[in-house]
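Notes to accompany the following structure.
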Amino acid sequence: MKKICAALILSIFTSVTYAQSNFYKLGVGLGAGGTYSFTDVKKGKFGLAGYGTAEYYLTPFITSGLEFQMGTVKGGDVKTDPHNRAFSNTYTAITLGGKVRLGQFTDFYYNDLLNYTKGFYIGTGVGVILNNMKDIIRTKPDGSGYVFPGKDKSVNAAVPINVGIDFYFPDQWGDIRYGININYQTNFTFGEGLDGYDDPKTKFKNVSPDLYTYFSVGVRYNFGFMGLTNKPVR
Numbered sequence: 111m112k113k114i115c116a117a118l119i120l121s122i123f124t125s126v127t128y129a130q131s132n133f134y135k136l137g138v139g140l141g142a143g144g145t146y147s148f149t150d151v152k153k154g155k156f157g158l159a160g161y162g163t164a165e166y167y168l169t170p171f172i173t174s175g176l177e178f179q180m181g182t183v184k185g186g187d188v189k190t191d192p193h194n195r196a197f198s199n200t201y202t203a204i205t206l207g208g209k210v211r212l213g214q215f216t217d218f219y220y221n222d223l224l225n226y227t228k229g230f231y232i233g234t235g236v237g238v239i240l241n242n243m244k245d246i247i248r249t250k251p252d253g254s255g256y257v258f259p260g261k262d263k264s265v266n267a268a269v270p271i272n273v274g275i276d277f278y279f280p281d282q283w284g285d286i287r288y289g290i291n292i293n294y295q296t297n298f299t300f301g302e303g304l305d306g307y308d309d310p311k312t313k314f315k316n317v318s319p320d321l322y323t324y325f326s327v328g329v330r331y332n333f334g335f336m337g338l339t340n341k342p343v344r
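Given below as structure tokens:
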């Protein structure tokens, strides 16, 4: 009888402990990586960009927050492009979005593979991109191919699609405070500011949305007040 009672007490204690895992509600991140453009010029180019994030954890695996991104998107080559087009856009992007991680839906506590991949996520959002052309080669309005340098500034709406993974590291008390992030982002822009070309009256009329991809690696730091969850987070 004593053994049965002890087992029941241990079971209850374990259940209560399991149901009250703690997690930090706030997080920030910094990182850098490379961009690649897909626009109205024939070939894209690689550029560099950095980012900063501030997120609020609705659960240990669902977040919403802001991302600030700054860098360069390039494309084209005045010598090899069939329309002598080339551009270099020193841009700034600000987006509001959310991410959902695999750990929200899996019982990873007793499975090594699920535990290693619990930080895998997808996400999206909405924002704006501030385009600042430092170097753009334009064609004449009649499409003759004559080129000259110019500068342009514009603002476009943007929708990012994120796929990535967070790797978690606990602090001295066992709470998840640190992390490494690997992210692949595709940014769809609405308008023609990303590459600076908008010639609707010529034979070079744009027919597809401009976008750029962004592969980045960064670090994360969680802090602030604590939340409770019925799932283990480590």
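The sequence shown begins at 111 in my numbering and counts up by one. Virtual Cβ for every residue (Gly too), placed ideally from N, Cα, C.
Does DSSP put L158 in a helix, a strand or coil?
strand
Assign Y231 to buried or exposed, taking buried as 16 or more other Cβ atoms, counted over all protein chains shown, within 10 Å of its Cβ.
buried
I need the straight-line Cα distance from V225 to T149, nearest angstrom please.
Here residue 225 turns out to be Asn, not Val, going by the sequence shown. Taking the straight line from one Cα to the other gives about 39 Å.
Counting along the chain, where does the beta strand (DSSP E) carrying Y331 start and finish?
Here the beta strand (DSSP E) through Y331 covers 321-339.
Are the beta-carbon atoms of G162 and T145 separated by less than 9 Å?
no
Pick from Q179, E165, Y324: whose alpha carbon is nearest that of G239?
Looking at the sequence provided, one finds Ile at residue 239 rather than Gly. Ranking the options by Cα distance to I239, first place goes to Q179.
Sort G143, T299, D320, L304 by Cα distance to M243 and report the nearest one.
L304
Cα-Cα separation, N137 to I204:
Correcting the residue identity first, residue 137 is Gly in this sequence and not Asn. About 17 Å.
Helix, strand or coil: which one does DSSP assign to Y307?
coil
In the DSSP output, which residue or residues are listed as bridge partners for T169?
Answer by DSSP bridge pairing, in chain order: I172.
In its own chain, which residues sit with a C-beta less than 6 Å from the C-beta of M336, not counting the 5 before and 5 after it?
N132
Can you tell me the Cα-Cα spacing of A383 and T190, whole angstroms?
Here the chain has residues from 111 to 344 only, and residue 383 is not among them.
Between N332, F300, S326, which has its C-alpha nearest T318's C-alpha?
Reading off the sequence, residue 318 comes out as Ser, not Thr. Closest by alpha carbon: F300.
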